[in-house]
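For reference, the structure is listed below as structure tokens.
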Amino acid sequence: MVTNQPWPGRPADSDLAEPVPAIELRHATKRYGEAVALDDVSMVIQPGEFFCLLGPSGCGKTTTLNLIGGFIPLTSGDLLIEGHTVNDLPPHKRNVNTVFQSYALFPHMTVAENVAFGLRMEKLSKADIAQRTREYLELVGLSGLAGRLPAQMSGGQQQRVALARALAKRPAVLLLDEPLGALDLKLRKQMQTELARIHRQVGTTFVFVTHDQEEALSMATQIAIMSNGTVLQQGSPREVYDRPANRFVADFVGDTNFLAGTVRRDGGQAVFDVGSAVVDVQGDAEAGPATLMIRPEFLALRQGDATDGPRGLTARVVNVAFLGNHTRITVSTAAGEMVVVRPHGTRDSTADTQRELGEEVCVWWRTENAALIRE
Ligand SMILES: Nc1ncnc2c1ncn2[C@@H]1O[C@H](COP(=O)(O)OP(=O)(O)OP(=O)(O)O)[C@@H](O)[C@H]1O
Ligand SMILES: [Mg+2]
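Letter 72 of the sequence shown, counting from 1, is numbered 72 in the numbering used here, and no numbers are missing.
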């Protein structure tokens with residue numbers, strides 16, 4: 001059930017004028033002997049965000065979450081929750097709660113008892129516990145299954161119970177470490193939609209760990225991309241996708257083509273020499289070696305070489321992969337670079353998607369859809 005009712009405990013918008021960050025890391029470092037799991041990270045997570053920590057295996061995502069949860073101590077630096085330094089506070093005294101990938105439900109307790117368990121620890125009255133348990137089971141869509149045991153439920157349902165149990169305590173921050181990792185792809189997508197809906201409804205700050213860029217893009221309001229114990233970029237999904245700070249981010253978030261070349265001034269205009277071709281680049285780009293980044297969906301193909309129409313690259317079609325809902329066309333440029341094109345399009349025979357192997361084409365794009373990267 002989706003309602004637009006304000007959820008209990010959700011702050012009024014007027015209280016959010018100058019929010020105290022939900023989480024703040026200041027020069028946070030975590031070492032294991034010589035190994036640095038988190039390297040001088042400073043990061044602010046605002047209240048109400050669906051904040052995704054995204055990065056490849058071993059980059060420090062779980063370490064960051066465990067530091068916030070209080071399960072491991074910082075080596076140096078500070079951690080603040082709602083404006084208070086909590087470096088030395090044990091997990092149960094922090095206003096955060098965690099949903100683990102393994103769900104960690106009590107197998108001998110019913111669904112309702114699992115949700116009520118955490119509330120009993122808080123010494124709420126019986127009536128309040130029953131009321132809150134009902135509320136949160138309804139929130140996750142499990143009202144009808146309150147009397148079941150975890151073993152009698154699917155993985156997705158168990159995940160919802162774990163979520164209800166964690167949220168029922170109304171923490172300021174909910175930590176989730178790859179909670180959908182054990183689910184099959186279809187269920188995973190359903191739960192992504194559900195999680196986003198639940199987040200909107202409760203307004204709690206979510207800090208969500210994933211190595212799946214599509215998952216992060218689809219749910220997050222903010223994403224921090226991590227690599228080797230550092231944060232490379234933090235921003236909205238659109239910002240990190242459209243304006244990646246560097247090559248690693250561009251490559252990790254979505255499919256990308258990179259064209260190596262040199263920026264040169266041609267009169268007042270900056271142009272980009274790429275192999276034997278020249279293309280336009282945006283604005284007052286500095287002269288020198290650079291890489292041009294273009295997403296496959298921003299590329300278009302037209303028949304023939306690049307001598308007429310907007311400037312582009314002459315190339316040859318080397319592969320056409322039909323993937324059901326879209327087609328991926330790989331072309332090889334005169335300089336020998338492979339470029340992947342994802343045409344929009346229909347299936348009619350004149351469309352971009354209908355290309356012959358070996359055909360000569362011109363790959364072109366709108367100047368504003370290509371970004372220069374300097375590293
Ligand atoms: N208890 C530990 N002792 C020694 N090294 C550790 C320990 N825990 C983590 N590390 C190291 O710290 C680094 C970061 O680990 P972390 O678990 O945070 O990665 P992650 O981003 O969560 O990766 P994954 O996606 O595989 O879960 C890794 O190099 C890891 O080997
Ligand atoms: Mg991890």
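Positions of the beta carbon are idealized from the N, C-alpha and C atoms, including for glycine. Note that the structure is a prediction, hence the values are computed from the model and not measured.
Since residue i contacts residue j with CB under 8 Å, what's their CB separation in whole angstroms?
{"i": "Ala408", "j": "Ile81", "result": "In the structure as shown, the chain begins at 1 and stops at 375. Residue 408 is therefore absent and cannot be evaluated."}
{"i": "Val263", "j": "Ala245", "result": "That pair is no contact at about 18 Å."}
{"i": "Val281", "j": "Val274", "result": "Not really, about 10 Å apart at Cβ, beyond 8 Å."}
{"i": "Thr330", "j": "Ala277", "result": "18 Å between Cβ atoms; not a contact."}
{"i": "Ile225", "j": "Phe252", "result": "6 Å"}
{"i": "Leu379", "j": "Leu292", "result": "In the structure as shown, the chain starts at 1 and stops at 375, and residue 379 therefore has no counterpart that could be examined."}
{"i": "Gly77", "j": "Arg26", "result": "6 Å"}
{"i": "Glu178", "j": "Gln101", "result": "5 Å"}
{"i": "Asn369", "j": "Phe298", "result": "4 Å"}
{"i": "Leu65", "j": "Leu183", "result": "Their Cβ separation, rounded to whole angstroms, is 19 Å, which puts Leu65 and Leu183 out of contact at 8 Å."}
{"i": "Val240", "j": "Gly312", "result": "Not really, about 27 Å apart at Cβ, beyond 8 Å."}
{"i": "Ala112", "j": "Leu137", "result": "7 Å"}
{"i": "Ala168", "j": "Pro107", "result": "Contact flag wrong, Cβ pair sits at about 19 Å."}
{"i": "Arg374", "j": "Ala290", "result": "6 Å"}
{"i": "Gly441", "j": "Leu187", "result": "The structure shown does not extend to residue 441, since the chain is modelled only from 1 to 375, so the question has no answer here."}
Can you tell me which of the options puts its alpha carbon nearest to the alpha carbon of residue i?
{"i": "Asn257", "options": "Arg265, Arg247, Thr367, Arg264", "result": "Arg247"}
{"i": "Asn74", "options": "Ala37, Thr333, Gln269, Arg170", "result": "At residue 74 the sequence reads Leu, which differs from the Asn that was named. Closest option to Leu74, Cα to Cα, is Ala37."}
{"i": "Gly70", "options": "Arg94, Leu54, Gly58, Glu49", "result": "Arg94"}
{"i": "Ala196", "options": "Met153, Leu139, Gly155", "result": "Leu139"}
{"i": "Ala162", "options": "Arg328, His199, Asn114", "result": "Asn114"}
{"i": "Pro21", "options": "Thr205, Ala168, Leu54, Gln158", "result": "Thr205"}
{"i": "Ala146", "options": "Met109, Val96, Val86, Ala216", "result": "Met109"}
{"i": "Gln201", "options": "Phe50, Arg26, Leu25", "result": "Phe50"}
{"i": "Arg132", "options": "Asn87, Ala164, Val209, Lys186", "result": "Ala164"}
{"i": "Ser227", "options": "Gly60, Pro47, Pro19, Met43", "result": "Gly60"}
{"i": "Val317", "options": "Glu360, Leu53, Leu142, Ala300", "result": "Glu360"}
{"i": "Pro343", "options": "Gln354, Ala335, Gly336", "result": "Gln354"}
{"i": "Gly83", "options": "Pro56, Asp128, Glu18, Leu54", "result": "Glu18"}
{"i": "Leu54", "options": "Ala285, Asp242, Phe208, Ala334", "result": "Phe208"}
What I want to know is whether the C-beta of residue i ends up closer than 8 Å to one or more non-hydrogen atoms of ligand 2.
{"i": "Lys30", "result": "no"}
{"i": "Glu178", "result": "yes"}
{"i": "Thr62", "result": "yes"}
Cβ of residue i versus every heavy atom of ligand 1: is any distance shorter than 8 Å?
{"i": "Val96", "result": "no"}
{"i": "Ala196", "result": "no"}
{"i": "Val209", "result": "yes"}
{"i": "Met226", "result": "yes"}
{"i": "Pro56", "result": "yes"}
{"i": "Cys59", "result": "yes"}
{"i": "Ala37", "result": "yes"}
{"i": "Gly235", "result": "no"}
{"i": "Gly77", "result": "no"}
{"i": "Gly69", "result": "no"}
{"i": "Gly229", "result": "yes"}
{"i": "Gly147", "result": "no"}
{"i": "Gly336", "result": "no"}
{"i": "Gly33", "result": "yes"}
Would a check of beta-carbon distances place residue i closer than 9 Å to chain C?
{"i": "Pro171", "result": "The structure shown contains no chain C; it is built from a single protein chain."}
Name the DSSP beta bridge partners of residue i, please?
{"i": "Ala130", "result": "DSSP output for Ala130 lists no bridge partner at all."}
{"i": "Ile198", "result": "For Ile198, which the question treats as bridged, DSSP gives no partner whatsoever."}
{"i": "Pro289", "result": "Thr262"}
{"i": "Gln233", "result": "Ile225"}
{"i": "Leu323", "result": "DSSP output for Leu323 lists no bridge partner at all."}
{"i": "Phe272", "result": "Val263, Val279"}
For ligand 4, is there a heavy atom less than 8 Å away from the beta-carbon of residue i?
{"i": "Gly83", "result": "With respect to small molecules bound, the structure shown includes ligand 1 and ligand 2 and not ligand 4."}
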